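Student: The numbering of the sequence shown is the numbering used here, which starts it at 272 and goes up by one. Every residue, glycine too, gets a C-beta built ideally from N, C-alpha and C. Only a predicted model underlies this, so the values are computations on that prediction, with no experimental measurement involved.
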Amino acid sequence: MRLGSLLSAAGINATLLEKEAASIEVARVSHDSRSVQSGDLFCCVPGASHDGHDFASEAVRCGASVLVCERPLGLTTPTVIVPSVREAMPLLAAAIHRWPSRHLSLVGVTGTNGKTSVVHLLSWILARSGMSTEAHGTLSGGRTTPEATDLQSMFGRWVSDGVEAAAIEVSSHALAQHRVDGTHFALVGFTNLSRDHLDFHTSMSDYETAKARLF
């Protein structure tokens, strides 16, 4: 997809520093400089311990054709400036995969406890109804809710494989970090809320606010 079309499809507030770069073909949206491939759009995501802007040069060496940043970096690679890379990335990832969650009957489940059980029960019920189903969560390995680029790629694979319905766990970390922005849920569920993850959330109120972002 051409960069200009991608930015338009994502509907984000962006400034393209090199206007002629709108015609560049973007192969994928990436956030990890270690896995960048030729033609990727690299999102410089600021984090708690590492800042993706510091890895932009490495991403370019690996083949990134476009950078998405919150500030100019002085590199010759075409650069898109956005107010928040964290908020822009999930929309770009969903758009590059042509909004795959819209083609799934997708259920998202959040809550302190019980997400895994509910997701797998839902997946079993959907499968018993005759639908091709998938599920993702704690038992899938890796993050309970993948990073936005990986999440949208997973949805894209599911659609290509003919999956009709799916259930996923949606963690408070994922909600606070906008990982599921751009995801269309047919149904969402909430299990419960108790004291947890206060090493990440500043208070129970902050924790509750993160959970509420799913609704």
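Roughly how far, in whole angstroms, is the beta-carbon of A406 from the beta-carbon of V390, given that I think they are within contact range, below 8 Å?
Tutor: Your numbering for residue 406 matches position 135 in the sequence shown. Your numbering for residue 390 matches position 119 in the sequence shown. At roughly 5 Å, the Cβ-Cβ gap stays under 8 Å, so A406 and V390 are in contact.
Student: Counting along the chain, where does the alpha helix (DSSP H) carrying R399 start and finish?
Tutor: Along the sequence shown, read from residue 1 onward, the residue named residue 399 stands at position 128. Run containing R399: K386 to R399, per the alpha helix (DSSP H) assignment.
Student: From P417 to R450, what does the alpha carbon distance come to, in whole angstroms?
Tutor: The residue you call residue 417 lines up with position 146 of the sequence shown. The residue you call residue 450 lines up with position 179 of the sequence shown. Each residue's alpha carbon lies about 8 Å from the other.
Student: I'd like the ranges of any alpha helix (DSSP H) spanning at least 4 consecutive residues and lying wholly in the stretch 306-342.
Tutor: As far as the stretch 306-342 is concerned, its whole alpha helix (DSSP H) runs of at least 4 residues are 327-332.
Student: Apart from the five residues just before and just after L362, which ones in its own chain have a Cβ nearer than 7 Å to its Cβ?
Tutor: As a first step, residue 362 is located in the sequence shown; it is residue number 91 there, counting from the start. For L362, where only same-chain residues beyond five positions count, the Cβ hits under 7 Å are A281, G282, I283, D452 and G453.
Student: Reducing DSSP to helix, strand and coil, say where T347 ends up.
Tutor: By 1-based counting over the sequence shown, the position of residue 347 is 76. Coil.
Student: Sorted by chain position, which residues of the same chain lie with C-beta nearer than 8 Å to R244's C-beta, five sequence neighbours on each side aside?
Tutor: One cannot answer for residue 244 here, as it falls past the ends of the chain, which runs 272 to 486.
Student: In terms of DSSP beta bridges, what is H407 paired with?
Tutor: Along the sequence shown, read from residue 1 onward, the residue named residue 407 stands at position 136. Answer by DSSP bridge pairing, in chain order: I439.
Student: If you measure between the beta carbons of S376 and L458, is that distance less than 9 Å?
Tutor: Taking the first residue of the sequence shown as position 1, residue 376 is located at position 105. Taking the first residue of the sequence shown as position 1, residue 458 is located at position 187. It is a contact, given that the beta carbons lie within the stated cut-off.
Student: Given that a residue counts as buried once 16 or more other Cβ atoms are within 10 Å of its Cβ, and exposed if not, what is W395?
Tutor: Your numbering for residue 395 matches position 124 in the sequence shown. Classification of W395: exposed, given that the 10 Å Cβ count is below 16.
Student: Would you call the stretch 330-342 and the stretch 293-311 in contact, with 3 or more CB pairs under 8 Å?
Tutor: Touching, per the Cβ criterion.
Student: Rounded to the nearest angstrom, how far is the Cβ of L274 from that of V300, given a contact under 8 Å?
Tutor: Looking up residue 274 in the sequence shown gives position 3. Looking up residue 300 in the sequence shown gives position 29. Contact doesn't hold; Cβ gap of about 11 Å is too wide.
Student: Grab me the residues of A231's own chain with a C-beta within less than 6 Å of its C-beta, minus the 5 sequence neighbours each way, in chain order.
Tutor: No information on residue 231 is available, as it lies outside the stretch 272 to 486 that the chain covers here.
Student: Enumerate in chain order the residues of its own chain whose CB-to-CB distance from L393 is below 7 Å, with the five nearest sequence positions on each side excluded.
Tutor: One-based indexing of the sequence shown puts residue 393 at position 122. So the qualifying residues of the chain are V378 and A438.
Student: Would you mind working out which of T480, E291, G427 and A436 sits nearest I367, comparing C-alpha positions?
Tutor: As a first step, residue 367 is located in the sequence shown; it is residue number 96 there, counting from the start. Nearest C-alpha to I367: G427.
Student: Give me whichever residues DSSP pairs with F461 in a beta bridge.
Tutor: Position 190 of the sequence shown, counted from the first residue, corresponds to residue 461. In DSSP, F461 forms a bridge with T381.
Student: So, K386 versus S442, is the Cβ gap smaller than 9 Å?
Tutor: Position 115 of the sequence shown holds residue 386. Position 171 of the sequence shown holds residue 442. Contact flag set, yes.
Student: Is the beta carbon of A327 sitting closer than 9 Å to the one on L338?
Tutor: By one-based count along the sequence shown, residue 327 stands at place 56. By one-based count along the sequence shown, residue 338 stands at place 67. For A327 and L338, yes; Cβs fall inside 9 Å.
Student: Go through its chain and collect everything with a Cβ distance to L277's Cβ below 7 Å, but skip five positions before and after it.
Tutor: Within the sequence shown, numbered from 1, the residue matching residue 277 stands at position 6. Here the set comprises V297, L363, A366 and I367.
Student: Ignoring anything shorter than 3 residues or poking outside the stretch 350-378, list the beta strand (DSSP E) runs there in chain order.
Tutor: 350-352, all fully within the stretch 350-378.
Student: Which one or two residues does DSSP pair with T286 in a beta bridge?
Tutor: As a working note, residue 286 is residue 15 in the sequence shown. Note: T286 sits in a beta bridge opposite I352.
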